[in-house]
Amino acid sequence: SFDEACATLGVEPEASWEEIDRVYKVKVQYAHPDKAGGDPDRFKRIQKAYDYLKKVKGPGKGGKGD
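Residue numbering for the sequence shown follows our numbering, starting at 19 and increasing by one per position.
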């Protein structure tokens with residue numbers, strides 16, 4: 019759900035797309051499976067949440083929270 023995706027990324031539902039994108043880029047770096055200490059399961063959860071939010075709030079969407 020929208021709220022679960024926001025919680026996974028650690029952003030407020032009212033966050034702008036720019037903030038969501040910025041937070042995603044930071045979190046995905048630390049969880050990436052190719053990085054030392056990376057967590058493949060966490061990486062997948064972050065990616066899934068980001069993809070969902072991109073559909074809802076991505077550039078030009080003006081979705082929930084905007």
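Here a beta-carbon is modelled for each residue, glycine too, at the ideal position from N, C-alpha and C. Remember, it's a predicted structure, so these values are computed and weren't measured experimentally.
Under the DSSP assignment, Val41 falls in the alpha helix (DSSP H) whose first and last residues are Trp35 to Ala49. Collapsing the DSSP output to three states places Val29 in coil. Beta-carbon to beta-carbon, Ala49 and Arg60 are separated by about 4 Å, close enough to satisfy the 8 Å threshold.
In this model, Lys53 and Lys75 are separated by some 29 Å (Cα to Cα). By the neighbour-count definition (other C-beta atoms within 10 Å, threshold 16), Val44 is an exposed residue.
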